[in-house]
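Please read the structure below before turning to the comments.
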Amino acid sequence: MESEEAHMTDPQDPAEALAAIQASRKAVHDRVATGGWRYDVIYSVLTAGMVAGQALDAPFNILASTLGLLGLIVIFQAETRRTGLKITGVSPRYARWVAVGIGLAFAAAIVVMAIIRRQSPETPQAVIAGVAAVVIFFVALAGSRIWRRVYRAEMGVGK
């Protein structure tokens, strides 16, 4: 009895602790590594619609934002159920900066669309929104894939 109690209160062997951390990181990596393309494509479609929708007049720009945000919530919840993890995109450290860069690219696209609409009002909104949607789709897809690689590398288990 005494030996069992002593064993339960002894600190873990450092090698065992490191092995447990690595096993945990590998488990997270394995859960995040599968199903990535499906998530990334859906994410890219939703963000392209949200950003491109800002080229439209009210209430369509508001509708694009609202539907896009609701869609992002749905895929976040589905991904959380699938992986068992709530990954927000802002940690670990370098992955956070990839996420910030993606957000800044979206903000820049919205500003560029506003400038184009103001400088050339004769350009149809649908053309501006369509071009923006295609560009943002590929920016979001590339950004999401880069974020995933950085995240997995920071988890310490490779690409």
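Residue numbering for the sequence shown follows my numbering, beginning at 30 and increasing consecutively.
For every residue, glycine included, the Cβ atom is placed at its ideal position computed from N, Cα and C.
Just so you know, these numbers come straight off a predicted model, no measurement behind them.
Would the beta-carbon of residue i fall within 7 Å of that of residue j?
| i | j | result |
| --- | --- | --- |
| S73 | L133 | no |
| H80 | I165 | In the sequence as displayed, the identity of residue 80 is Val instead of His. Yes, these two residues count as a Cβ contact at 7 Å. |
| A124 | Y180 | yes |
| I145 | I131 | no |
| A155 | A138 | no |
| V127 | W176 | yes |
According to DSSP, is residue i helix, strand or coil?
| i | result |
| --- | --- |
| T95 | helix |
| P43 | helix |
| S73 | helix |
| D59 | helix |
| L85 | coil |
| I175 | helix |
| L101 | helix |
| I50 | helix |
| M79 | helix |
Given this structure, state the Cα-to-Cα distance separating residue i from residue j, to the nearest angstrom.
| i | j | result |
| --- | --- | --- |
| L85 | S53 | 46 Å |
| Q51 | H58 | 10 Å |
| P153 | A143 | 13 Å |
| A107 | L47 | 31 Å |
| L101 | G172 | 16 Å |
| R122 | V70 | 24 Å |
| F89 | V168 | 23 Å |
| L99 | M184 | 29 Å |
| V141 | L92 | 20 Å |
| Q83 | A136 | 10 Å |
| R193 | T109 | This structure gives no information on residue 193, because the portion of the chain shown stretches from 30 to 188. |
| R257 | W66 | As shown, the chain starts at 30 and ends at 188. That puts residue 257 outside it, with no answer to give. |
| R60 | I116 | 11 Å |
| T76 | G97 | 6 Å |
Q: Would you mind listing the beta strand (DSSP E) stretches within the region 118-174 that are 3+ residues and don't spill past its ends, in chain order?
A: none
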